Amino acid sequence: MALPETDLHRIRLWARERVPEHLWDELKVEADVSDGHVDIVEVRPPWDGVGEHTRFPIARLRYTKLTGLWAIYWRDRNLKFHEYKRKRPTKNVQALLEHIGTSGDPIFWG
Numbered sequence: 008m009a010l011p012e013t014d015l016h017r018i019r020l021w022a023r024e025r026v027p028e029h030l031w032d033e034l035k036v037e038a039d040v041s042d043g044h045v046d047i048v049e050v051r052p053p054w055d056g057v058g059e060h061t062r063f064p065i066a067r068l069r070y071t072k073l074t075g076l077w078a079i080y081w082r083d084r085n086l087k088f089h090e091y092k093r094k095r096p097t098k099n100v101q102a103l104l105e106h107i108g109t110s111g112d113p114i115f116w117g
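Residues are numbered in my numbering as their position in the sequence shown, beginning at 1, plus a constant of 7.
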């Protein structure tokens, strides 16, 4: 299923702006796009400088093509996603991004 390109652009831009560019060697927030959803992930270099960067999922934005709605999903300690009931699905993905970023709900950023 194709996700709306304008929404994908909005999500990627939001993720890139979460961390100032001068800190990107230490931390980035990225959007991993899959069929039907986008995972917001925190990316960090290996602590000892050896190996791959770690990619830790923060939230998932799931798109339903039939309704045109985006919904937020939160990640549990077992890395399983569950629908986030405190914010209703909406066609406005920017509203969901703002909620993830500024709600203060520790379920996303700890």
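Positions of the beta carbon are idealized from the N, C-alpha and C atoms, including for glycine. Model, not experiment: these values are computed from the prediction.
For residue i, the nearest candidate out of the options (CA to CA)
i	options	result
E12	E49, F88 and G75	G75
P53	K35, D46, H44 and A66	K35
L20	T109, L104 and V57	L104
I107	L86, D83 and I65	I65
T97	L86, A78, F115 and H89	A78
Boundaries (first-last residue) of the beta strand (DSSP E) holding residue i
i	result
H44	H44 to R51
E37	K35 to S41
Distance CB(residue i)-CB(residue j) smaller than 8 Å
i	j	result
R69	Y80	yes
CB-CB length for residue i against residue j, believed under 8 Å
i	j	result
D39	V48	6 Å
V50	I18	At roughly 15 Å, the Cβ-Cβ gap does not stay under 8 Å, so V50 and I18 are not in contact.
Residue i (DSSP reduced to helix, strand or coil)
i	result
E90	strand
A66	strand
Residue interval of the alpha helix (DSSP H) (run including residue i)
i	result
P113	P113 to W116
L76	It is not in any alpha helix (DSSP H) - L76 instead sits in the beta strand (DSSP E) that spans L76 to R82.
A102	V100 to T109
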